[in-house]
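Each remark here refers to the structure printed beneath this line.
Residue numbers (the numbering used here), protein chains in the order written: chain X, 43 to 445; chain G, 43 to 445.
Laid out in structure tokens, this is it:
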């Protein structure tokens, strides 16, 4: 018995996707029934535009508004979407639409994969991280039993419509989480993009990716292209489980879990990239100068490079957990220079003393490194290199218990 | 972005799969960690053999025993399996094993598709329906919000090991549910198999498929082959949603839902086949003589052909619900003669008066038809043509509330 399937989809850059004359979303919907899933924040900002747009279409569309913070990335949220789809009479070829950030795309992807064993879905990512990472791939997932993304699916969307004008309303702190994933792609694949981020990153962050003119879109387009490129090598992660896009994603999941998801994903990825790079120095795979360029870049973009949660013992525990997810292999992605990377294959290759040394190395570097750009002309950002979680936890608890 | 995947698996007939010298299951496990999922009934009958077998292997295997009746086919059961897998440290390439009937295979298939976005699983189906239908395909599913199989997946197993000796311990009433699915395949694809069932069906049922010698295995092998043949035409049900194996599966789901899953799946399928065949007569697609052969065969095998739940209004409702699942098309499978079938494409093609007439036609035929075999030499079985659910409901409620 042989089971084969091939599914294609496009990721399109569409400015003003909700402006009534724009046909991109209407064309994706066809004349099918649809359920749009979004969160209260996106609803508050774009809900009126969405309803005006949908009002001009012949489709029978319902909108499901629900909390979708990282703490809501649960099977409960997925089942609530399934219930809403059932109530709305979503048929086998009808459509779900994810209108929000990475969590929204993840939850909708998984719900769509489950409903009637799979209904199509379209992503309208509204945050930077969703536009260049979480919302453009085929992976859905939710946290389960304290493990990040323990349950999930590989389910390609029907289409992804990336509207960079949504970023105008995204807070700078959120954009920073997204730019962290762009730094990731740049560090493993594209030195020019890295240099470009150093040049224009702060301005992009301050302007909602609208200045310098056209650069924001170019950066997004390049990051999307690099991501799809990497994904398409092994869409369904068959065979060997090594992926360059897992750079920054070995320790970060555990740090997020330990923070009860109050540490932003992009922040955790930045801390992970810093540590992974320092480990690369310990293992003789990366030069110290490159490590300092990497750390400086992260700091210049206002990203953290260390966290009190990242103790050597925790890092070892995270590596062990990741091995379970990578068929016994560690496959730690480490840069060998800016724009190129390799894999550290085995757990034994990273002994505890290397982790301890790496943590110290980052701490020392972050204390002494001036936050310089490539051209040494960027100001030092407000100190954010160590994150104190204490003032974040209560709010996060409230939001997750409100579900 | 193009996402392609191809997965192959074999369905093997293996006698005595748990006998310590049999390598089939050991070879499927390799040296991976595994979680076997089974229910208390299977555990009581085969648990000791299973543990002896596993005790002889180097693998780290845990056994998860849980209620898995039709009423337990819920997302809750799936998540309980996911929790057990998480506790047992199941890694990305480790293995789940479904050891039980159709519900067990369905639940494990869905759990395996969710855990870490997909871990491999092996099916060891112990009931007839699982061995020739539910346990050999790539569909997992659970009931949700009152809808049968509303949530599910297409996830090919790594392997299916069909051991016909398990049928020796399956009650005759359960075997009858399985033979109903074999009748289904025979009616739409294989007249010879239909005739063979009439010849040997009652003896197979009475002997746990062990007599006449070798015939049981031959019938199972043929049914498996026909099923895989049909599945492989459109594994993932892309494009047009018409499948010959959906014969008997248009009304049956609704009847099962209305019975609170106290009507056995195979019984509901038999009632559906009788009704679909009578509808075919109403629409001029099937001759009356063939209808009577079909009804006689079902009755001769001790299967019901009508149910008080199957009112014309309910049948219409079921057809409407099925259209949502078949992209607006009805695609009702109806036989045109014994061994061949066609599709009634549109809801409008089956008006309410045709349903009313079909229900009456079956009732009249079941009252008057002697339960004859092809050779007119089989005795009349105990009257089972109308199922009274009242004495089944309390027990079923208990078993589903015990979860």
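In this text, a Cβ means the ideal position worked out from N, Cα and C, and glycines have one as well.
- [ ] Identify whether residue 189/X lies in helix, strand or coil by the three-state DSSP scheme.
- [x] Reading the first chain from its first residue, position 147 is the one you call residue 189/X. Residue 189/X falls in the strand class under three-state DSSP.
Task: Proximal residues to residue 225/X (C-beta, below 8 angstroms), its chain only, five neighbours per side dropped - done: Against the first chain, residue 225/X aligns to sequence position 183. 236, 239, 312, 315, 339, 340, 343, 345, listed in sequence order.
Task: Distance, residue 330/X Cα to residue 421/X Cα - done: In the first chain, the residue the question calls residue 421/X occupies position 379. In the first chain, the residue the question calls residue 330/X occupies position 288. Unreliable positioning characterises residue 421/X in this predicted model, as indicated by a pLDDT of 37, which lies under 50. The coordinate reading is nonetheless provided below. The straight-line gap from Cα to Cα measures roughly 22 angstroms.
Task: Within 9 angstroms, strictly: CB atoms of residue 171/G and residue 194/G - done: Position 129 of the second chain, counted from the first residue, corresponds to residue 171/G. Position 152 of the second chain, counted from the first residue, corresponds to residue 194/G. No.
Task: Test: residue 63/G CB closer than 9 angstroms to a CB of chain X - done: Position 21 of the second chain holds residue 63/G. No, its Cβ sits nowhere closer than 9 angstroms to a Cβ of chain X.
Task: Burial state of residue 279/X, where buried means 16 or more other Cβ atoms lie within 10 Å - done: What you label residue 279/X is simply residue 237 of the first chain in a count that begins at 1. Answer is buried; the Cβ neighbour count reaches 16.
- [ ] Over the uninterrupted alpha helix (DSSP H) stretch that includes residue 54/X, give me the two end residues.
- [x] Within the first chain, numbered from 1, the residue matching residue 54/X stands at position 12. No alpha helix (DSSP H) contains residue 54/X, which is instead part of the beta strand (DSSP E) from 52 to 55.
Open item on the list: Taking 9 angstroms as the threshold (C-beta atoms), are residue 218/X and residue 113/X in contact?
Closed with: Against the first chain, residue 113/X aligns to sequence position 71. Against the first chain, residue 218/X aligns to sequence position 176. Against a cut-off of 9 angstroms, the Cβ pair of residue 218/X and residue 113/X comes out as no contact.
- [ ] Consider the Cβ of residue 367/G: report whether some Cβ of chain X lies at a distance smaller than 9 angstroms.
- [x] For this step, residue 367/G is matched to residue 325 along the second chain. Judged by the 9 angstroms Cβ criterion, residue 367/G is in contact with chain X.
Task: 9 angstroms Cβ cut-off: residues of chain G touching residue 163/X - done: By 1-based counting over the first chain, the position of residue 163/X is 121. Under the 9 angstroms cutoff, chain G gives no residues; its nearest Cβ is about 14 angstroms from residue 163/X.
Task: Within chain X, partners of residue 292/G - CB distance below 7 angstroms - done: Counted from its first residue, the second chain places residue 292/G at position 250. The contacting residues do not exist; residue 292/G stays about 14 angstroms from chain X at best.
Open item on the list: For a test of the three-state rule: what should DSSP assign to residue 168/G, helix, strand or coil?
Closed with: As a working note, residue 168/G is residue 126 in the second chain. Residue 168/G: coil per DSSP, three-state reduction.
Open item on the list: Here's the rule: buried if 16 or more other CB atoms are within 10 angstroms of the residue's CB, otherwise exposed. What is residue 448/X?
Closed with: For chain X, the structure presents residues 43 to 445; residue 448/X sits outside this window and is missing.
Open item on the list: I'd like to know whether the C-beta of residue 52/G is nearer than 9 angstroms to at least one C-beta of chain X.
Closed with: Position 10 of the second chain holds residue 52/G. It does: the Cβ of residue 52/G has a partner Cβ on chain X nearer than 9 angstroms.
Task: Where residue 382/X falls: helix, strand or coil (DSSP) - done: Along the first chain, one-based indexing puts residue 382/X at 340. The answer is strand: DSSP assigns residue 382/X an E or B state.
Open item on the list: Using a Cβ-Cβ cutoff of 8 angstroms, what residues of the segment 277 to 305 of chain G are near chain X? List them in chain order.
Closed with: 277, 278, 279, 280, 283
Open item on the list: Helix, strand or coil for residue 224/G? Go by DSSP, reduced to three states.
Closed with: Position 182 of the second chain, counting from 1, holds the residue named residue 224/G. Helix.
- [ ] Pick helix, strand or coil for residue 354/G, following the three-state DSSP scheme.
- [x] Within the second chain, residue 354/G is the residue found at index 312, counting from 1. It is helical.
Open item on the list: Less than 9 angstroms between the beta carbons of residue 180/X and residue 198/X, yes or no?
Closed with: Along the first chain, read from residue 1 onward, the residue named residue 180/X stands at position 138. Along the first chain, read from residue 1 onward, the residue named residue 198/X stands at position 156. In contact: residue 180/X and residue 198/X (Cβ atoms closer than 9 angstroms).
TODO: May I ask you to list the residues that DSSP assigns as paired with residue 289/X?
DONE: Numbered from 1 along the first chain, position 247 holds the residue referred to as residue 289/X. DSSP, once it has assigned bridges, lists no residue as partnering residue 289/X.
Open item on the list: Using the three-state DSSP reduction, which class does residue 33/X fall into: helix, strand or coil?
Closed with: Residue 33/X is absent from the structure shown; chain X starts at 43 and stops at 445.
Open item on the list: So for residue 175/X, helix, strand or coil by DSSP?
Closed with: To locate residue 175/X, count along the first chain from 1; it is residue 133. Helix at residue 175/X.
Open item on the list: Quick check on the DSSP output: what are the complete alpha helix (DSSP H) runs of length 4 or more inside the segment 119 to 163 of chain G, in order along the chain?
Closed with: 144 to 156
TODO: Take residue 335/X and list the residues in its own chain whose beta-carbon comes closer than 7 angstroms to its own, dropping the five residues that flank it on each side.
DONE: Mapped onto the first chain, residue 335/X falls at position 293. Same-chain partners within the cutoff: 380.
- [ ] Please list, in chain order, all residues of the same chain as residue 53/X whose beta carbon is under 7 angstroms from its beta carbon, the five residues on each side excluded.
- [x] Along the first chain, one-based indexing puts residue 53/X at 11. Taken in chain order, the residues that qualify are 178, 202, 204, 266, 270.
Open item on the list: I'd like to know whether the C-beta of residue 47/X is nearer than 9 angstroms to at least one C-beta of chain G.
Closed with: As a position in the first chain, residue 47/X is number 5, starting the count at 1. Cβ-Cβ to chain G under 9 angstroms: yes for residue 47/X.
Open item on the list: Against chain G, with Cβ distances strictly below 9 angstroms, would residue 146/X count as a contact?
Closed with: For this step, residue 146/X is matched to residue 104 along the first chain. Residue 146/X does not count as touching chain G.
Task: Distance, residue 49/G Cα to residue 43/X Cα - done: Translated into positions along the first chain, residue 43/X becomes position 1. Translated into positions along the second chain, residue 49/G becomes position 7. About 8 angstroms.
Open item on the list: So that I know if they touch, is there some Cβ in chain B lying closer than 9 angstroms to that of residue 346/G?
Closed with: This model lacks chain B altogether; the protein chains it does include are X and G.
Task: Cutoff 9 angstroms: residue 181/X Cβ touching any chain G Cβ - done: Your numbering for residue 181/X matches position 139 in the first chain. Yes, contact with chain G.
Task: Contact residues within the segment 116 to 146 of chain G, judged by C-beta distance below 7 angstroms to chain X - done: 117, 121, 124, 125, 128, 131, 133, 134, 135
- [ ] Taking residue 157/G as the query, report the chain X residues whose CB atoms sit under 8 angstroms from its CB, ordered along the chain.
- [x] Position 115 of the second chain, counted from the start, is the residue given in the question as residue 157/G. What residue 157/G touches in chain X: 192, 193.
Open item on the list: At a CB distance below 9 angstroms, what residues from the segment 66 to 88 of chain G approach chain X? Give them in sequence order.
Closed with: none
TODO: Quick one: give me the first and last residue of the beta strand (DSSP E) that residue 106/X is part of.
DONE: Here residue 106/X refers to the residue found at position 64 when the first chain is read from its first residue. Segment 103 to 107, the beta strand (DSSP E) holding residue 106/X.
Open item on the list: By the DSSP assignment, the alpha helix (DSSP H) with residue 78/G in it spans what residues?
Closed with: For this step, residue 78/G is matched to residue 36 along the second chain. Residue 78/G -> not in any alpha helix (DSSP H); beta strand (DSSP E) instead, spanning 76 to 80.
Open item on the list: Using C-beta distances below 7 angstroms, list every residue in its chain close to residue 61/G, excluding the 5 sequence neighbours before and after it, in chain order.
Closed with: For this step, residue 61/G is matched to residue 19 along the second chain. Excluding sequence neighbours, residue 61/G sits near nothing in its chain.
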